[in-house]
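Undergrad: Mapping of the sequence shown onto full-length UniProt numbering: position 193 corresponds to residue 193, and the numbering continues sequentially without gaps. Sharing a structure here in C-alpha cells format.
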Amino acid sequence: MTTYQEEFQRSLDDPAAYWLERAKDVHWSTPPSQGIDSSRSPLNTWFADGEINACYNALDVHVENGRGDQPALIHDSPVSSSQSTLSYRELLDQVALFAGVLKASGIDRGDRVMVYMPMIPQAVIAILACARIGAVHTVVFGGFAAKELAIRIDDCSPKVIVSASCGIEPGRIVEYEPLVAEAMQLASNKVDSCIVFQRSQCQWPIVEGRDQDWDTSMASATPSDCVPLRSTEPLYILYTSGTTGSPKGVVKDIGGTVVSLKWTMSSIYNVKPGDVYWAASDIGWVVGHSYIIYGPLFQGCTTVMYEGKPVGTPDAGAFWRVIEQHKVKVLFTAPTAFRAIKRVDPNGEMLKDYDLSSLQALYLAGERCDPDTLQWAQDKLKVPVIDHWWQTETGYAICANCQGIEALPIIAGSPSVAVPGYDVQVLNSEAERMPAGEIGSIVVKLPLPPGTFINLWGAEDRFKSAYFERFPGYYETGDAGFIDENGYVFVMARTDDVINVAGHRLSTGAMEEALSNHPDVAECAVMGVHDELKGQLPVGLVILNDGCTRPHEDITAELIKQVRNSIGPVAAFKLVAVVDKLPKTRSGKILRGTLRSIADSTDWKMPATIEDPTVLEDITQSLRSLGLAREPA
C-alpha cells in the first residue's frame, strides 16, 4: 500500500496520469485516452474523449458480474413504519422501466427532469433512470417552499416534475401537490407534466392533462437500455444558495463523477463491495447524491436510505437501531445529528441496548464539527470519528482522513489533510501564501480534480466571477482558516454571508428579502449566530416604518411566518427583534461581523469605520431579549 503522502504527491505531480489510472476502475463504453483538458481553464474537462453511463456503473455492471441478488438499497422509514430492500437486479428492473416512462413522456438526452420527492426508493429510481437515458436530473428537497421551487424551475426549464403525494414529518403529513401547483403557477417557464407516486398516507389529486400516476405508467412501460454518453455531458444540476439570494445551479459531469466517487469509496471510506454504507442525509443535498445514491452503488455496496430523524423517530436510539439491524459498516452524517442525540441522551445510555460491532467508522460533514461533539462520539462509539470538509461544488471531500490509504492521527477541530487531487492553500487578500497557522482565505490551486463542478447552469460568467476571479489560478472556497505545520487544515468560518443551519447552506440575503417584503419593515439585517445543536441559527433585526403602531409581537410573528413561507422550514428562523437603528459604516454597510460577535458573546472591538457607536448599546439589549449577547458572569 502507498502512504498518504506518496498518493497525494502523485496526484499533484501529474493529475492527468493519476486520474486516468483511477479511470480504469470503472466501466466505459469508450475508454478515455486523455485526462484533463485545461485549454479553457477554469472550464476544465476530464476524460473528454471517453463515453460512459452512470446508471450502468451503478447497476448493470454489478448484475452482469454476479451481484444481482445482493441488496442494493435498504429503505428504512420509521416515520411510515415501513422497511423494504431492493436487490441490484430488482433496482435495475425498476430503473429501466421508469427510464421507459420518461422516454414515453418525451424526455430525451440533455432534457432536465426535476425530482421533488421525499426519502423513498422511487426517488432513487427516478434519479438513476434520468442517468440511464442521458436526462439531467435536478433534485429539490421535497416540501421546499413553492417560491424557491419556482425559481429553480425558471432557471433550468425542466420538461417534467417527478414527485410524490406527500412527505412525512414526525407528527404531520406534508402534502406536495399544493406546493408543486403553486410553483408551476409562479414560474415563468411552464412545465409540461408531473409524474406522481401516490403514498398511502395522502393522495395527490390527479389533474387531467398535467399529471400521470407512477404505478399506472410503470405498468405499461417498456424498459429502456443505457445510452452511452460523453464523459463531459452533465449528470445533474444541484442548487446551492448564493450570497445574492439567487441560487446557483452547480453542474456535475458524468465521467468525472463516476471515477471520483468510486475512488472515494475505497480510498476515503475504506468500504468494499458488499459492505453496508449509510449516509444519514437527504437526496436534496450533495451528500445524498454522492453517498446515498452514486458512490455506494458504483462500489457495489448496500446503501441505506433513512426516512426519519436522529431523535424523535421514536427516540435518541434510532441511529443505533439502524446500525445494528442492517449491520452498517460506515455511517456518514452531520454533526447536528450527534448534537441532537447528545442533547437528549448525554450519557449515551441508549447505546447499551444495541450491538454496534459492525460499525468501523463515523464520518461527519456539513458544518464544522466542534471538538466536544467529536470527543463525545469517540468516547461512546469507540471507533474513529472523522470530520471531513467538502462542498456542493466539489461533490466529495476536499480534506479528509483517508482511511483506505493511510489512517492518520485525528486532530479535533480539523477535517485533516487535503484529499489527493486537491492542492489546498491559504492566501491573504493579495493572493500571497500565508505562513503555517495564520488565517486567510482557503483556496484550491487549479486544476480541480474530476467530479468537481464544471460550470453553473446557464451562468458561465457567474461561475468564473464567483469562484475564480478573486484569486486567479485558484478555486475560492469561500471559507477562511489556516493550515498547520503538519498540513492539517482548519476551516474556521465562511468568508461571505451564507450561513450553515444544520448542514443547509442558506443565504442571509434571501432571508432579508423576505423580511423586507413585509409592509411594516423599513430595513433589516440577518446574520448567523452560533447554536450548539444546529451549528448556526439566523437572527433578524428589523427597523419598522415610522408611524407603525402595531404591537411588535404581532409583527415578529408575521415575519417568522413570512421567512418560513419564502425559504422553507429548513431556515429555522425564529429569532427576530425590532430595533431603532442598525450599526453601519460611514459608507452604509451593515456591520454584520460586529453584530455576530456581540450576539455570540465573543470579544469584539469597536469598528473604526462605524458611523454611530451608540447604536451598539441598544442593539445589545435587543439581542439579550432574544437570549443572546449574554452579560459576562
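Note that CB positions come from ideal geometry on N, CA and C, so glycine has one too. A quick note: this is a predicted structure, and the numbers were derived from the prediction, not measured.
Rounded to the nearest angstrom, what separates Val578 and Gln536 at their Cα positions?
TA: Each residue's Cα considered, the two are about 21 angstroms apart.
Undergrad: Between which residues of its own chain and Ala633 is the CB-CB distance below 7 angstroms, once the five residues before and five after are set aside?
TA: Low confidence applies to Ala633: its pLDDT is 47, below 50, so where it sits in the model is not reliable enough to give any reading.
Undergrad: What is the DSSP secondary structure of Ala418, counted as helix, strand or coil?
TA: Here Ala418 sits in strand by DSSP.
Undergrad: Can you tell me whether Thr216 is buried or exposed, with buried defined as 16 or more other CB within 10 angstroms of its CB?
TA: Exposed, since its Cβ has fewer than 16 Cβ neighbours within 10 Å.
Undergrad: For Pro384 versus Ser260, is the C-beta distance shorter than 8 angstroms?
TA: No.
Undergrad: Do you know whose CA, among Arg550, Leu446, Leu559, lies nearest Asp13's CA?
TA: Considering only alpha carbons, the answer is Leu446.
Undergrad: Can you find at least 3 beta carbon pairs, one from the stretch 591 to 608 and one from the stretch 553 to 567, that sit closer than 8 angstroms?
TA: With a cut-off of 8 angstroms, the stretch 553 to 567 and the stretch 591 to 608 do not count as touching, because too few Cβ pairs lie within range.
Undergrad: Which residue marks the beginning of the alpha helix (DSSP H) containing Pro178, and which one marks its end?
TA: Its alpha helix (DSSP H) spans residues 177 to 186.
Undergrad: Can you confirm whether the stretch 97 to 115 touches the stretch 130 to 143 when touching is taken to mean that 3 or more C-beta pairs between the two stretches lie within less than 8 angstroms?
TA: Touching, yes.
Undergrad: Let me know the beta strand (DSSP E) ranges lying completely inside the stretch 487 to 565, each 3 residues or longer, listed in chain order.
TA: Fully enclosed beta strand (DSSP E) runs of 3 or longer: 489 to 494, 498 to 501, 504 to 507, 521 to 531, 535 to 544.
Undergrad: Just to confirm my understanding: we take Ala466, look at its own chain, exclude 5 residues before and 5 after, and list those with CB closer than 6 angstroms. What are they?
TA: So no residue of the chain qualifies.
Undergrad: Is it true that the CB of Pro205 sits closer than 8 angstroms to the CB of Glu177?
TA: The answer is yes: Cβ separation under 8 angstroms.
Undergrad: With a threshold of 16 other CB atoms inside 10 Å of the CB of Asn455, please say whether the residue is buried or exposed.
TA: It is buried - the Cβ of Asn455 has at least 16 other Cβ atoms within 10 Å.
Undergrad: Once DSSP output is grouped into helix, strand and coil, what is the label at Pro234?
TA: Here Pro234 sits in strand by DSSP.
Undergrad: How many angstroms separate the CA atom of Pro420 from the CA atom of Ile619?
TA: Near 46 angstroms, if we compare the C-alpha coordinates of Ile619 and Pro420.
Undergrad: For Arg152, is the classification buried or exposed, using 16 other Cβ atoms within 10 angstroms of its Cβ as the cut-off for buried?
TA: Counting Cβ neighbours within 10 Å, Arg152 comes out buried, since at least 16 surround it.
Undergrad: Using beta-carbon positions only, say whether Cys301 and Val276 come within less than 8 angstroms of one another.
TA: Contact: yes.
Undergrad: Taking 8 angstroms as the threshold (C-beta atoms), are Trp46 and Gly256 in contact?
TA: For Gly256 and Trp46, yes; Cβs fall inside 8 angstroms.
Undergrad: What residues match up with Glu169 in a beta bridge as DSSP calls it?
TA: Answer by DSSP bridge pairing, in chain order: Arg172.
Undergrad: Taking residue 682 as part of the beta strand (DSSP E), name the residues at either end of that continuous run.
TA: Outside the modelled stretch of the chain, which goes from 1 to 633, sits residue 682, for which no answer is possible.
Undergrad: Taking C-alpha atoms, which residue in Ala431, Gly66, Val287, Thr333 lies nearest to Lys309?
TA: When each option's Cα is compared against that of Lys309, the closest is Thr333.
Undergrad: Please look up how many angstroms separate the CB atoms of Thr313 and Leu73, rounded, as I've assumed it's under 8 angstroms.
TA: At roughly 20 angstroms, the Cβ-Cβ gap does not stay under 8 angstroms, so Thr313 and Leu73 are not in contact.
Undergrad: Kindly indicate which residue of Lys561, Pro613, Lys574 has the alpha-carbon position closest to the one of Lys581.
TA: Answer by Cα proximity: Pro613.
Undergrad: How long is the line joining the alpha carbons of Val615 and Ile161, rounded to whole angstroms?
TA: Going by the C-alpha atoms only, they are around 49 angstroms apart.
Undergrad: According to DSSP, which residues form a beta bridge with Trp376?
TA: DSSP output for Trp376 lists no bridge partner at all.
Undergrad: Between which two residues does the alpha helix (DSSP H) containing Asp618 stretch?
TA: Note, Asp618: alpha helix (DSSP H), 615 to 625.
Undergrad: Taking the alpha-carbon positions, what's the Asp49 to Ser220 distance?
TA: Taking the straight line from one Cα to the other gives about 37 angstroms.
Undergrad: Expressed to the nearest angstrom, what Euclidean distance is found between the alpha-carbon atoms of Ala126 and Ser38?
TA: One C-alpha to the other measures close to 33 angstroms.
Undergrad: Consult DSSP for Ser587 and reduce its assignment to one of helix, strand or coil.
TA: Residue confidence is low: Ser587 scores 43 on pLDDT, short of 50, so the model does not pin down where it sits. Its coordinate-derived value is still stated next. In the structure shown, Ser587 sits in coil (DSSP, three-state: anything other than H, G, I, E or B).
Undergrad: Give the straight-line distance between the Cα atoms of Leu381 and Ala459, rounded to the nearest whole angstrom.
TA: Near 45 angstroms, if we compare the C-alpha coordinates of Ala459 and Leu381.
Undergrad: Using DSSP with H/G/I as helix, E/B as strand and the rest coil, what is Leu356?
TA: Three-state result, Leu356: coil.
Undergrad: When you compare only the Cα positions, how much space is there between Val26 and Thr373?
TA: Those two C-alpha atoms are separated by around 37 angstroms.
Undergrad: Would you call Gln185 buried or exposed, if buried means 16 or more other Cβ atoms sit within 10 Å of its Cβ?
TA: Flag for Gln185 reads exposed.
Undergrad: Indicate the three-state DSSP secondary structure (helix, strand or coil) for Ile293 in the structure shown.
TA: Looking at Ile293 - three-state DSSP - the assignment turns out to be helix.
Undergrad: Could you tell me which residues DSSP pairs with Thr30 in its beta bridges?
TA: Thr30 pairs with Glu51.
Undergrad: Where does the unbroken beta strand (DSSP E) through His388 begin, and where does it stop?
TA: Element bounds for His388: n/a, residue is neither H nor E.
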